[in-house]
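Start counting at 1 in the sequence shown, then tack on 78, and there's your number in this note's numbering. From the three backbone atoms N, C-alpha and C, an ideal C-beta is built for every residue, glycine too. Just so it is clear, the structure is predicted and the values come from calculations on it, not from any experiment. Below: one structure, written as structure tokens.
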Amino acid sequence: MEWMNNLFEQYGYLVLFLGLFSESLALPFPGELAMAISGHMSSLGNFHIPFIIFYSYIGAIIGTTITYFVGYRLGTPFLQQYGKYVLLNQTRLAKVTTWFGKYGNKLILISYFVPGLRHFTGYVSGVLKVPQRTFFVLNYIGGLVWVLVYVSIGKLFGPNIEQLLHVVSRYFAATMVVLAVLITLFVLLKKNKEKIFKRLRSRSSSTSSKPDEE
Numbered sequence: 079m080e081w082m083n084n085l086f087e088q089y090g091y092l093v094l095f096l097g098l099f100s101e102s103l104a105l106p107f108p109g110e111l112a113m114a115i116s117g118h119m120s121s122l123g124n125f126h127i128p129f130i131i132f133y134s135y136i137g138a139i140i141g142t143t144i145t146y147f148v149g150y151r152l153g154t155p156f157l158q159q160y161g162k163y164v165l166l167n168q169t170r171l172a173k174v175t176t177w178f179g180k181y182g183n184k185l186i187l188i189s190y191f192v193p194g195l196r197h198f199t200g201y202v203s204g205v206l207k208v209p210q211r212t213f214f215v216l217n218y219i220g221g222l223v224w225v226l227v228y229v230s231i232g233k234l235f236g237p238n239i240e241q242l243l244h245v246v247s248r249y250f251a252a253t254m255v256v257l258a259v260l261i262t263l264f265v266l267l268k269k270n271k272e273k274i275f276k277r278l279r280s281r282s283s284s285t286s287s288k289p290d291e292e
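What follows is the structure in structure tokens.
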């Protein structure tokens with residue numbers, strides 16, 4: 079953590095903007111740690127929460143917006159050839175594409191909380207031609223929640239940041255996936271409730287009519 083503190087002392091909020099921007103491009107930078115440390119430093123009077131949230135959020139969403147358009151305009155061949163420079167090799171590209179096929183666009187909403195996924199979501203969303211409005215809405219909401227969570231962790235828990243981040247990264251992602259699945263089931267149930275009730279009524283009526291037929 080000391081090296082991160084030194085960066086903040088020298089460059090201030092610029093560390094958050096450039097760091098989160100770089101991480102969104104899939105370049106190595108510990109975004110959660112940076113936000114949590116800056117949140118803790120706000121308790122010491124060195125930073126202000128509104129500015130921390132602003133610079134972190136803007137850096138993150140600008141980066142993911144760029145990666146979306148890179149994937150959208152240049153497509154799979156470009157990523158297969160140059161993706162290795164941002165750690166997006168063909169294996170990872172295939173894996174994230176499979177996850178999209180399995181979970182759909184809601185994956186964009188929770189991707190920030192899934193280690194090894196948020197760095198590539200923009201690229202793959204562009205390649206898969208996810209509608210721009212859908213991507214922007216889900217990505218920007220997910221990014222805001224992500225920033226608020228990790229800045230709050232730093233603000234509230236201070237010196238125990240590193241241990242807490244490990245716990246959050248391990249279990250929060252799983253919780254978000256379960257929540258997304260439950261939301262999807264609820265939406266599907268709501269859309270198809272009339273069909274479901276009709277089937278249940280037809281089954282009950284057919285069951286009750288069997289004794290009369292005998």
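Alpha-carbon to alpha-carbon, residue j and residue i
i	j	result
G297	L111	Nothing about residue 297 can be reported from this structure: the residues present for the chain run from 79 to 292 only.
L103	I130	20 Å
V164	L105	6 Å
I144	V205	13 Å
F107	Y181	27 Å
L171	V202	7 Å
Proximity below 8 Å, CB of residue i to CB of residue j
i	j	result
I188	G221	no
M82	Y228	no
Y150	K233	no
K109	L98	According to the sequence displayed, residue 109 carries Gly and not Lys. In this structure, L98 lies closer than 8 Å to G109 by Cβ.
Y133	G200	no
Start and end residues, alpha helix (DSSP H) containing residue i
i	result
S134	I127 to Y160
S116	G109 to S121
N217	Q210 to F235
K184	K184 to I188
G97	L92 to S102
As assigned by DSSP and simplified to three states, the class of residue i
i	result
A172	helix
G194	coil
K207	coil
Among the options, the one whose alpha carbon lies nearest that of residue i
i	options	result
R196	L166, N124 and L85	L166
F198	G141, T212 and Q159	G141
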